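Chemist: Protein chains in written order, with our numbering: chain A, 101 to 212; chain B, 87 to 199. Ideal placement from N, C-alpha and C gives every residue a C-beta, glycine not left out. Note that this is a predicted model, so its numbers are computed, not measured.
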């Protein structure tokens, strides 16, 4: 079964708006990672947040982690058409042998 | 810099035929290597991973096998493909340091007909 579950499954926004997606997981983690996948392509690593971190930024990306609620969020600010992609959270946990477990993803459509 | 190569990009194979997908990594040593499969519109399912030459761990019992004949080479195989083997196969690597994310190949779209 999947460790991470993203919400919403799909998101449609206008260019310039912010996009927020959430990820919930079930077991204690070492870190949580977010990836982007353009249609028919491989995944690209966006950001990694450790279990002892609460917030992390990378360019227009902002990730938060709440280990008490076992949840994370990814915020993309000032979205662009090029941000159209599927976004996946993945958890890295000792219980899973330090192998990444992926959620089902959020499909984001940014309309120009 | 490190790069990962995965081929072929697309493959159409008849049921019962063999399969061999290859993945190679450049610019690093002793990578952890992974094979994932992605069904259409879904997340990734881990199939195999390897922490060293000849060391393969299987996550899901199935019609597939994996081998690591060299440090930076990871091969996914099947002796007889099933229709259910269709999907998008992704190879990935990461260093031993767990604070780094995975680097994925560009994937192979396999259609079994």
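Could you spell out the range, first to last residue, of the beta strand (DSSP E) harbouring residue 115/A?
Modeler: Counting from 1 along the first chain, the entry for residue 115/A is found at position 15. Careful: residue 115/A lies outside any beta strand (DSSP E) and carries neither H nor E.
Chemist: Measure the Cβ-Cβ separation of residue 106/A and residue 197/A and say whether it is below 8 Å.
Modeler: If you number the first chain from 1, residue 106/A lands on position 6. If you number the first chain from 1, residue 197/A lands on position 97. Cβ atoms of residue 106/A and residue 197/A: not closer than 8 Å.
Chemist: How is residue 102/A classed by DSSP in three states: helix, strand or coil?
Modeler: In the first chain, residue 102/A corresponds to position 2, counting from 1. Low confidence applies here, because residue 102/A scores a pLDDT of 49, under 50, leaving its location unreliable; read the following figure in that light. Residue 102/A falls in the coil class under three-state DSSP.
Chemist: Is the beta carbon of residue 151/A sitting closer than 8 Å to the one on residue 164/A?
Modeler: If you number the first chain from 1, residue 151/A lands on position 51. If you number the first chain from 1, residue 164/A lands on position 64. Contact flag unset, no.
Chemist: Looking at C-alpha atoms only, which residue of 180/B, 199/B, 197/B, 184/B is the closest neighbour of residue 121/B?
Modeler: For the purposes of this step, residue 121/B is taken as the residue at position 35 of the second chain. Comparing Cα positions, the closest option is 180/B.
Chemist: Any chance the region 184–195 of chain A sits against the region 127–136 of chain A, with 3 or more Cβ pairs inside 8 Å?
Modeler: At 8 Å Cβ cutoff, the stretches touch.
Chemist: Which chain B residues sit within Cβ distance under 9 Å of residue 204/A?
Modeler: Position 104 of the first chain, counting from 1, holds the residue named residue 204/A. Result: 127, 128, 129.
Chemist: Would you list, in chain order, the members of the region 168–202 of chain A that have their beta-carbon closer than 7 Å to a beta-carbon of chain B?
Modeler: Residues 188, 192, 198, 199, 200, 202.
Chemist: Under 8 Å between C-beta atoms, does residue 136/B make it to chain A?
Modeler: Position 50 of the second chain, counted from the start, is the residue given in the question as residue 136/B. Answer no: the Cβ-Cβ gap between residue 136/B and chain A never drops below 8 Å.
Chemist: Can you have a look at residue 116/A and say buried or exposed, based on whether 16 or more other CB atoms are within 10 angstroms of its CB?
Modeler: Here residue 116/A corresponds to residue number 16 of the first chain, with the count starting at 1. Exposed, since its Cβ has fewer than 16 Cβ neighbours within 10 Å.
Chemist: Using a Cβ cut-off of 9 Å, pull out every chain A residue sitting near residue 110/B, in sequence order please.
Modeler: By one-based count along the second chain, residue 110/B stands at place 24. Within chain A, no residue comes near residue 110/B; the closest Cβ sits about 14 Å away, beyond 9 Å.
Chemist: If the cut-off is 8 Å on Cβ atoms, which residues from the region 123–134 of chain A count as contacting chain B, listed in chain order?
Modeler: Listed by position along the chain: 130, 131, 133.
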